[in-house]
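Shown next, in structure tokens, is the structure this report addresses.
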């Protein structure tokens, strides 16, 4: 006779425990770690994301705007926009201060665009880490 | 604002350095393990950079 195995799901941690840390981690890269008392790691995350974003700006990378069309266009442009947005205050400041760069040919511009998205994706990793620390899944 | 003109190699090394630092910080549990993993990732990035560069050079004919 087949045995049934009951797998108990891990209880969902209360939102009040992790939302402030994750929200701050999005707005200010490394900020979630500072809030949770991990200033050393927060500093490394802030420095890495800030430097990558700054290098992207200095290489005149283009910011993605969401566009729809065929599936590949949608994935690239919406995904790129989310990646840019994930840099938090750096993205908001650069847009508010009027940074606007057309998507032009050239390897330096192309690297710049990737650095801008890469900075946001690194910050997503930092946000996940802040979530795990806030919910005590990790030190 | 300053404008930078980096070569492929310089841009890829900077990308590898910053990404390795973040991967090291968010992945492991002790500082020693984080440092080790960060350096390991950086080494893999550099190895892949040289490997793919040679592959493209030789494949180009």
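Residue numbers (the numbering used here), protein chains in the order written: chain A, -18 to 120; chain B, 3 to 63. Glycine is no exception: its CB is placed at the ideal position from the N, C-alpha and C atoms.
- With 16 or more other Cβ atoms inside 10 Å of its own Cβ, residue 92 (chain A) counts as buried.
- The CB of residue 62 (chain B) never comes closer than 9 Å to any CB in chain A; the least such distance is about 16 Å.
- At a cut-off of 8 Å between beta carbons, residue 24 (chain B) contacts chain A.
- At a cut-off of 8 Å between beta-carbon atoms, residue 29 (chain A) makes contact with chain B.
- Proximity of chain A to residue 20 (chain B) at the Cβ level (cut-off 9 Å) is accounted for by 28, 29, 30, 32, 33, 36, 96, 99, 100, 103, in chain order.
- The residues 29, 30, 33, in chain order, have a CB closer than 7 Å to that of residue 103 (chain A) in the same chain once the five nearest residues on each side in sequence are set aside.
- At the C-beta level, residue 8 (chain A) and residue 70 (chain A) come within 8 Å of one another.
- Annotated three-state conformation of residue 65 (chain A) is helix, per DSSP.
- With contacts defined as CB atoms closer than 8 Å, residue 54 (chain B) and residue 43 (chain B) fail to qualify as a contacting pair.
- Residues of chain B with a Cβ closer than 8 Å to the Cβ of residue 89 (chain A) are, in chain order, 6, 7, 8, 13.
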